[in-house]
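Here is the structure we will look at, set down as structure tokens.
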Amino acid sequence: MSAEPITKPSGQRSRKDLACTAAASAYQKQFGADLRRRVVDEGEPFAIVQADTPHEIFHVMDIPIITNQWWSAYISAKQLSNHYFEVMAQAGYPKNSCKYCSLGLACTLANDPRTAPWGGLPKPTVLVARMTCDCIQHVFGQWADALGSEFFPMEAPAWEHKDPRWFAHSKDQWEQVYDADRIALAVSEMRDLIALLENRTGRKFDEEKLHYLMERINEQEGYIWEAAQAIGKARPCPVSIAEQMPNTMIPQWHRGSDWAVGHARRFRDEVMNRIAAGEGTAANEKIRLMWIGAGVWHDPGFYQALEERMGAVFVWSMYMPFAGPQYIREVQGRPMEALASRICSMNEVLHLPPWMNGWMTSEAERCGIDACVVLLPPENRLSQSGTKITAEALEKAGVPVLMIDADMVDAANWDHDRMVGMVAEFLQKRGLA
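Okay, here's the thing in structure tokens:
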């Protein structure tokens, strides 16, 4: 049963200018229905995984996965997060728990098929996460217990090679950039995960299929990277991040599939056509904005609210330009190692200095950013880790920064008009409007 919203929506829908945005949403809706059929109705083996784990292993083995962050965004978009977090508080959990990672656990603990998407998740074969912060092992360990399953943790070891310009070398020098020892550890863990999956499901892993998948992923990410480069140069910006996000992230959940590669190409082509026609997301672009943080999944309309009023366009978020440096890999006949280099540092380069601030200041310069808005989730320590240093680096580079205390999936303290007004006031005070 599909859940009905039990709280008043706090956000607004975004405007869709691209035909491929509707196509991506339609595909994901059908995928959700097919996934529910396979997992809930037909009882296929499946896994619950974090975004920074090796999804490619599951794709090669045709094992359905539910990504924790996607599931959280899905629950949040249905306006269910406030209810589930209240359930957690009533069960004795602290109210300052990390919302993004624990919303799926909260839904399971609520144990209410009437409100839960899909009536709640059944028992997965395994839950997989990297130990990127202290809360992960608690969330996934307790979630596995609640579902009667097993938690497979993956290490997130310290990174000695601190190159602020990692993104310039990651495609072909990935072993040097990400450290051979860290890559070897990730490969060893992935082989243990493969053995577990083969034992539990009877399905076999084929490394040749992984090699082919990695090359297809390179093609897909190349199209997205081309579009990202073009958007950074284009004046006006042809498409805001409200549409960049779904056209990047929906294919990412299916990366390497025929549909994902084809959609990335269609998105690239539509972006290029809009640039050639001089079409912009705002009629009179005046201010180019950067967004740092996960998307505000309960209010996608926030990103377009000031386009006509102030000519302020959100040009950049991490999702789209991340496709190039963090996903594209020259496989070099070593698909497992190339994959390990992709996943062993995914959170670190997005959230920790010097990688985070080195990349984001470079991206701000590339895209001609006038100001930056940073999401600072109060209870999400990983999302706070490098933000102040990055904000200082951007300010030093001449990019004013506004930091807002809000959460990507918890709408309890979010008010659309108040947040839009906060950004507008900031731009006026900094002399940009």
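Adding 3 to a residue's 1-based position in the sequence shown gives its number in our numbering.
Backbone N, C-alpha and C fix where the C-beta goes; we use that ideal spot for every residue, glycine too.
query	result
Which term fits Ile9, buried or exposed, when burial requires 16 or more other beta carbons within 10 angstroms of its beta carbon?	Note that Ile9 scores 42 on pLDDT, short of 50, meaning its location in the model is unreliable and no value can be drawn from it.
Whole angstroms are fine: how far does the CA of Pro127 sit from the CA of Pro156?	15 Å
For Pro239, name the three-state secondary structure that DSSP assigns.	coil
Is it the case that the CB of Glu340 approaches a heavy atom of the ligand SAH more closely than 8 Å?	The ligand SAH is not part of this structure, which contains no ligands at all.
In the DSSP assignment, find the unbroken alpha helix (DSSP H) run with Ile66 in it and report its ends.	Where Ile66 is concerned, there is no enclosing alpha helix (DSSP H), given that its DSSP letter is neither H nor E.
With a threshold of 16 other CB atoms inside 10 Å of the CB of His266, please say whether the residue is buried or exposed.	buried
Do Arg16 and Ile249 count as a contact pair if the criterion is CB distance below 9 Å?	The question names Ile, yet the displayed sequence has Pro at residue 249. Cβ atoms of Pro249 and Arg16: not closer than 9 Å.
Check Leu292 in the structure and name its three-state DSSP category.	strand
Excluding five sequence neighbours on each side, which residues of the same chain lie with their C-beta closer than 6 Å to the C-beta of Val129?	Ala50, Glu153, Phe155
Rounded to whole angstroms, what's the CA-CA distance from Trp228 to Ile197? Just pull it up for me.	30 Å
For Met134, does the three-state DSSP call read helix, strand or coil?	coil
Rounded to whole angstroms, how far is the Cβ of Asp182 from the Cβ of His164, which I believe are closer than 8 Å?	5 Å
Quick check: the Cα distance between Ala54 and Gln72, rounded to an integer number of angstroms?	6 Å
If you draw a straight line from the C-alpha of Ala161 to the C-alpha of Asn202, how long is it?	31 Å
Would you mind stating whether Asp427 and Ala315 have Cβ atoms separated by less than 9 Å?	Per the sequence shown, residue 427 should be read as Ala rather than Asp. In this structure, Ala315 lies closer than 9 Å to Ala427 by Cβ.
What are the start and end residues of the alpha helix (DSSP H) that includes Val270?	In the sequence under discussion, the amino acid at residue 270 is Phe, which differs from the Val named in the question. That run of the alpha helix (DSSP H) goes 261 to 279.
Does the stretch 183 to 193 come close enough to the stretch 212 to 224 to have 3 or more Cβ pairs within less than 8 Å?	no
With the cut-off set at 9 Å, would you say Ala452 and Pro167 are in Cβ contact?	Since the first and last residues shown for the chain are 4 and 436, residue 452 lies out of range.
Quick check: what's the CA-CA separation for Thr393 versus Leu200?	39 Å
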